[in-house]
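Chains as they are written, first to last, in my numbering: chain A, 30 to 647; chain B, 26 to 361.
A short write-up of the structure that comes next.
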Amino acid sequence: MITTETSTKPEVLEAVIIRFVGDSGDGMQLTGTQFSDTSAMFGNDIATFPNYPAEIRAPQGSLYGVSGFQVHIGSVEISTPGDEVDLLVAMNPAGLKTNLHAVKPGHTIIVDTDAFTRKNLEKAQYESNPLEDGSLENYRVIEVAMTSLTKEALKEIKGLDNKSITRSKNMFALGMVYWMYDRSTDHTIEFFKTKFKSKPELIEANTKVLNTGFYFAETIELIPNSYTIAPAKMAPGTYRIIMGNTATAWGFLAAAEKSGLNLFLGSYPITPASDILHELVKHKHFGVKTLQAEDEIAGITAAIGASFAGSLALTTTSGPGLALKGEALGLAMIIEMPLVVVNVQRGGPSTGLPTKTEQSDLLQALYGRNGESPVIVIAASTPANCFDFAYEAAKLTIEHMTPVILLSDGYIASGSAPWKIKTVRDMPEIKNNIITEPKENWHTYDRDEETLARKWPIPGTQGLEHRVGGLEKDRVNGNVSYIPENHEYMTKIRAEKIKRVQNYIPDLETEFADSGDLLVIGWGGTYGSLYSAVKHINEEGYKNIGLAHFNYINPLPKNTEEVLKSFKKILVCELNTGQFAKVLKMNFNGFEFLQFNKIQGLPFGNSELTEKFKQLVR
Amino acid sequence: METTATKEYTYKDFSSDQEVRWCPGCDDYVILRAMQKALPEIGVKKEDVVFISGIGCSSRFPYYMDTYGMHSIHGRAPAIATGVKLANPNLSVWVITGDGDSMAIGGNHFIHVLRRNVDLNIILFNNEIYGLTKGQFSPTSTVGLKTKSSPYGNTQPPFSPGELAIGAQARFFARVGGNTPKEMTQIFIDCQKFKGTSLIEVLQNCPIFNDGCFDEFTDKKVREDKQLHVEHGKPMIFGKERDKGIVLNRLKLEVVTIGENGIEQEDLLVHDAKEEDPTLHQMLVRLRYPLVTGIIRSFDDVTLEERKDAQTKEVKAKSKFSKTDDLFFAGDVYEV
Numbered sequence: 030m031i032t033t034e035t036s037t038k039p040e041v042l043e044a045v046i047i048r049f050v051g052d053s054g055d056g057m058q059l060t061g062t063q064f065s066d067t068s069a070m071f072g073n074d075i076a077t078f079p080n081y082p083a084e085i086r087a088p089q090g091s092l093y094g095v096s097g098f099q100v101h102i103g104s105v106e107i108s109t110p111g112d113e114v115d116l117l118v119a120m121n122p123a124g125l126k127t128n129l130h131a132v133k134p135g136h137t138i139i140v141d142t143d144a145f146t147r148k149n150l151e152k153a154q155y156e157s158n159p160l161e162d163g164s165l166e167n168y169r170v171i172e173v174a175m176t177s178l179t180k181e182a183l184k185e186i187k188g189l190d191n192k193s194i195t196r197s198k199n200m201f202a203l204g205m206v207y208w209m210y211d212r213s214t215d216h217t218i219e220f221f222k223t224k225f226k227s228k229p230e231l232i233e234a235n236t237k238v239l240n241t242g243f244y245f246a247e248t249i250e251l252i253p254n255s256y257t258i259a260p261a262k263m264a265p266g267t268y269r270i271i272m273g274n275t276a277t278a279w280g281f282l283a284a285a286e287k288s289g290l291n292l293f294l295g296s297y298p299i300t301p302a303s304d305i306l307h308e309l310v311k312h313k314h315f316g317v318k319t320l321q322a323e324d325e326i327a328g329i330t331a332a333i334g335a336s337f338a339g340s341l342a343l344t345t346t347s348g349p350g351l352a353l354k355g356e357a358l359g360l361a362m363i364i365e366m367p368l369v370v371v372n373v374q375r376g377g378p379s380t381g382l383p384t385k386t387e388q389s390d391l392l393q394a395l396y397g398r399n400g401e402s403p404v405i406v407i408a409a410s411t412p413a414n415c416f417d418f419a420y421e422a423a424k425l426t427i428e429h430m431t432p433v434i435l436l437s438d439g440y441i442a443s444g445s446a447p448w449k450i451k452t453v454r455d456m457p458e459i460k461n462n463i464i465t466e467p468k469e470n471w472h473t474y475d476r477d478e479e480t481l482a483r484k485w486p487i488p489g490t491q492g493l494e495h496r497v498g499g500l501e502k503d504r505v506n507g508n509v510s511y512i513p514e515n516h517e518y519m520t521k522i523r524a525e526k527i528k529r530v531q532n533y534i535p536d537l538e539t540e541f542a543d544s545g546d547l548l549v550i551g552w553g554g555t556y557g558s559l560y561s562a563v564k565h566i567n568e569e570g571y572k573n574i575g576l577a578h579f580n581y582i583n584p585l586p587k588n589t590e591e592v593l594k595s596f597k598k599i600l601v602c603e604l605n606t607g608q609f610a611k612v613l614k615m616n617f618n619g620f621e622f623l624q625f626n627k628i629q630g631l632p633f634g635n636s637e638l639t640e641k642f643k644q645l646v647r
Numbered sequence: 026m027e028t029t030a031t032k033e034y035t036y037k038d039f040s041s042d043q044e045v046r047w048c049p050g051c052d053d054y055v056i057l058r059a060m061q062k063a064l065p066e067i068g069v070k071k072e073d074v075v076f077i078s079g080i081g082c083s084s085r086f087p088y089y090m091d092t093y094g095m096h097s098i099h100g101r102a103p104a105i106a107t108g109v110k111l112a113n114p115n116l117s118v119w120v121i122t123g124d125g126d127s128m129a130i131g132g133n134h135f136i137h138v139l140r141r142n143v144d145l146n147i148i149l150f151n152n153e154i155y156g157l158t159k160g161q162f163s164p165t166s167t168v169g170l171k172t173k174s175s176p177y178g179n180t181q182p183p184f185s186p187g188e189l190a191i192g193a194q195a196r197f198f199a200r201v202g203g204n205t206p207k208e209m210t211q212i213f214i215d216c217q218k219f220k221g222t223s224l225i226e227v228l229q230n231c232p233i234f235n236d237g238c239f240d241e242f243t244d245k246k247v248r249e250d251k252q253l254h255v256e257h258g259k260p261m262i263f264g265k266e267r268d269k270g271i272v273l274n275r276l277k278l279e280v281v282t283i284g285e286n287g288i289e290q291e292d293l294l295v296h297d298a299k300e301e302d303p304t305l306h307q308m309l310v311r312l313r314y315p316l317v318t319g320i321i322r323s324f325d326d327v328t329l330e331e332r333k334d335a336q337t338k339e340v341k342a343k344s345k346f347s348k349t350d351d352l353f354f355a356g357d358v359y360e361v
């Protein structure tokens with residue numbers, strides 16, 4: 030074990046990465062969330078990421094039952110939850126075993142020694158106790174008998190069962206970490222008061238344990254020094270911590286309010302998209318209508334029905350669900366109806382890795398339908414901008430009368446970060462295509478000259494009775510048509526309509542360098558990783574590396590080729606085998622698209638990216 | 026729905042300009058005309074009527090109605106219609122489907138829409154065959170039926186739509202022969218008045234691929250003797266001579282003759298369509314002699330949209346949020 034000098038003055042750090050791990054029933058998500066919320070209120074920039082098993086309650090103490098929550102806080106700009114951790118809090122041997130590799134050598138591990146029993150060590154497949162066999166000598170290990178200290182602290186409080194007592198030990202750990210990083214316990218105590226409103230004994234117990242942990246850390250000599258992380262320099266404004274999925278849900282709420290349309294969600298539960306359903310179903314007070322459907326297909330088709338009846342309709346899913354929705358999405362596309370499909374990507378194929386992140390549904394989103402069936406595809410790239418791209422998806426579908434697929438992924442959807450709150454007042458206008466009066470010679474497929482969008486006549490409007498359907502329609506009168514030339518015309522105009530969306534989306538921007546030796550390209554949820562890696566290498570003196578991150582996939586931004594031309598080498602980084610690289614190759618001739626791919630269900634790490642960048646500019 | 030129409034409609038108001046393309050002699054023509062005659066009687070404005078269909082011969086139906094309509098994808102019409110109705114409960118929403126569309130590819134949506142009791146009217150064109158794909162057996166085809174996909178005879182036992190529907194908690198089930206337009210029109214009017222999911226099974230003859238499959242019950246010459254047309258509150262009497270009736274003998278329905286073995290009309294079962302307990306309704310659905318037609322079950326219950334609406338009102342009354350700003354700035358926010 031490394032011994033450290035004692036110092037009375039708190040050490041000042043720019044950023045710190047902490048990971049809380051334990052059994053899936055140990056309350057690690059709650060512990061992590063409390064720490065990150067408190068830090069955000071203190072003014073730190075933060076990014077978090079939960080990592081939990083697919084099993085709800087895996088056998089206690091098992092390696093696959095470990096649940097973790099990582100938080101990255103800083104006085105500097107934080108763009109990812111971070112890779113290697115400065116502090117690991119391990120509530121049991123399995124948590125230690127599965128996470129030790131992520132701890133920076135020389136850094137701190139706090140363990141609950143009470144959990145290091147022979148039985149638990151066996152379950153974690155340890156042959157000897159790592160606390161005793163010297164295997165942790167490269168780390169600063171802080172051994173605390175958290176379970177017994179928690180029991181001791183609570184012996185005076187009446188009305189608590191054994192389970193509630195043991196379960197509150199996570200608050201002991203949190204109390205310790207609060208003291209280590211100079212945080213107040215106030216926010217968490219307020220949280221107890223709301224959460225356990227009807228159970229005063231639990232408010233008392235949790236507060237007691239939290240404070241005991243806090244004072245314990247202060248008192249014992251095992252923790253020699255404390256750290257502070259100063260508030261970050263962030264744009265002034267009102268902030269809140271938001272999870273990607275919540276931000277997505279709120280983006281749609283904002284779009285519904287701005288457009289004056291009712292929001293309708295048809296959805297079938299699927300990890301990691303269900304939280305959007307959970308969030309929207311709460312908001313009946315805004316007139317949100319939701320249907321938890323019998324399957325993925327009913328989710329999207331109910332949404333299509335609601336759209337036909339004039340709602341802003343969406344369906345939410347993850348990869349396997351998008352596969353099931355394919356035929357219905359084709360219907361929405363041919364009847365030219367507004368519809369947003371949110372795909373929170375996860376590891377595939379098939380059931381794949383439900384709780385892990387991946388970007389492997391890109392080609393499915395672009396091409397996963399029968400026939401020529403282009404739709405708009407956009408991707409959010411941070412937990413907070415899920416709000417903006419949900420709003421944008423709604424705006425584009427309403428204004429262009431064609432379905433939009435919004436891609437998110439498990440990493441940004443479950444991760445959280447500060448969000449500078451936006452109000453509907455500041456969001457761009459949404460112009461709908463609804464017609465309320467019959468015009469002479471009105472036809473279903475009359476189009477706007479600029480966007481090629483058709484009108485949106487809504488049942489209940491006199492004189493606009495009409496039929497739509499999945500059969501090809503006559504370009505003029507909207508009746509069923511098998512005429513060969515008409516089919517070709519309609520196929521082309523549906524594609525042209527998507528292409529023209531280019532005129533309504535922003536240009537692609539480059540960061541760090543507008544031209545130079547290497548252009549790093551990414552799309553969607555990898556933005557934080559790529560941004561921090563390019564920033565990192567830029568600070569090391571590599572000033573000739575630029576980053577171009579895509580949020581608009583179909584259509585691509587107009588200036589894409591121009592950006593590509595400004596760099597000697599292009600590296601496309603993706604969490605798949607190279608799907609976006611394929612798209613770029615198809616669209617832009619004469620460029621060599623180098624690839625950096627990772628298919629491990631994990632986000633990019635900073636060092637693997639910077640190493641690759643250096644290789645290419647050396 | 027607006028219950029008083031602003032103007033008097035005739036069936037022509039509901040006929041679109043599209044040429045009807047079903048095979049000559051198909052019962053679909055009868056159903057189409059029965060519907061066009063029923064709609065002026067239901068007191069709903071034309072612009073409030075929506076037809077949603079799936080795929081199959083029957084599903085061309087919306088193109089021939091001059092109302093709002095969607096010819097959608099195979100099996101999904103009940104889910105689409107659910108979305109339409111939830112988005113705008115003022116609309117009169119009709120689902121047009123067939124035996125393959127509703128009970129094979131769309132089986133899941135079919136049972137769930139009935140369970141939820143959304144206020145929709147589902148017209149199920151049952152011809153016990155796949156017509157549009159040119160003659161394969163369907164989930165209602167009888168065992169032994171020789172078709173293109175069962176040249177040695179169908180080996181799959183059939184569903185009975187009514188049994189399946191009542192098992193899935195259908196509150197309204199009616200059956201009608203495809204060659205009795207008057208009864209059909211009346212049932213269409215009645216099902217629109219019913220609040221909740223109505224399922225109407227039409228025994229629809231396909232003259233091309235399964236001609237005569239219902240003849241033993243629907244042929245003009247035999248139908249009075251082979252069909253019992255039930256009406257709520259009336260005794261179960263049938264037969265050309267109006268001398269046959271139904272009694273309950275232990276746990277079975279039994280056909281009796283009035284005046285024989287001391288049976289009087291008072292001994293016959295009186296039809297109670299509104300009873301919540303579906304036991305007797307199921308027995309009537311299963312009966313093959315006589316085949317029971319008319320409204321077999323019509324039990325009033327809360328609809329999905331009523332439940333949702335009540336919940337929304339309750340949440341709205343208690344909520345402190347009226348605009349999204351109220352939500353976005355609530356709770357743990359902080360200034361930088």
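The beta-carbon is built from N, C-alpha and C at its ideal position, and this holds for glycine as well.
Rounded separation between residue i and residue j - CA only
i       : j       : result
H96(B)  : T380(A) : 32 Å
G376(A) : S323(B) : 48 Å
P584(A) : D304(A) : 28 Å
E113(A) : I258(A) : 18 Å
G188(A) : E181(A) : 15 Å
P253(A) : H130(A) : With a pLDDT of 47 at P253(A), under the threshold of 50, the predicted position of this residue should be treated as unreliable, and no value is reported.
G221(B) : Q229(B) : 24 Å
L351(A) : A394(A) : 8 Å
Classification of residue i by the beta-carbon crowding that lies within 10 angstroms, buried from 16 upward
i       : result
F354(B) : exposed
G111(A) : buried
Q20(B)  : The first residue shown for chain B is 26 and the last is 361, placing residue 20(B) beyond what the model contains.
G156(B) : buried
D325(B) : exposed
D543(A) : exposed
V247(B) : exposed
T37(A)  : Bear in mind that a pLDDT of 48 at T37(A), under 50, signals an unreliable position, so the number given afterwards is only what the model happens to contain. It counts as exposed.
P9(B)   : Residue numbering for chain B in the displayed model covers 26 to 361; residue 9(B) lies beyond these limits and cannot be assessed.
P367(A) : buried
L117(A) : buried
I512(A) : exposed
Test item: CB-CB of residue i and residue j under 8 Å
i       : j       : result
A408(A) : G553(A) : yes
N204(B) : E153(B) : no
M519(A) : T431(A) : no
I102(A) : S68(A)  : yes
V317(B) : V327(B) : no
Y420(A) : A283(A) : yes
For residue j and residue i, believed in contact at Cβ under 8 Å, the rounded distance
i       : j       : result
L576(A) : E603(A) : In fact, because the Cβ distance is near 14 Å, the residues do not count as touching under 8 Å.
K318(A) : L111(B) : 6 Å
Q89(A)  : D52(A)  : 6 Å
Name the residues in the segment 45 to 75 of chain A whose C-beta lies less than 8 Å from a C-beta of chain B; which are they? D66, A69, M70 and G72
Can you list, in chain order, the residues of the segment 477 to 503 of chain A whose Cβ is nearer than 9 Å to any Cβ on chain B? P486, I487, P488, G489, T490, Q491, G492, L493, E494, H495, R496, V497, G498, G499 and L500
Short-range partners of chain B found in the segment 557 to 587 of chain A, where Cβ spacing is below 7 Å: none
Check each residue of the segment 163 to 192 of chain B: if its Cβ is closer than 9 Å to any Cβ of chain C, include it; give the result in chain order. Among the chains of the structure shown, chain C does not appear; the protein chains present are A and B.
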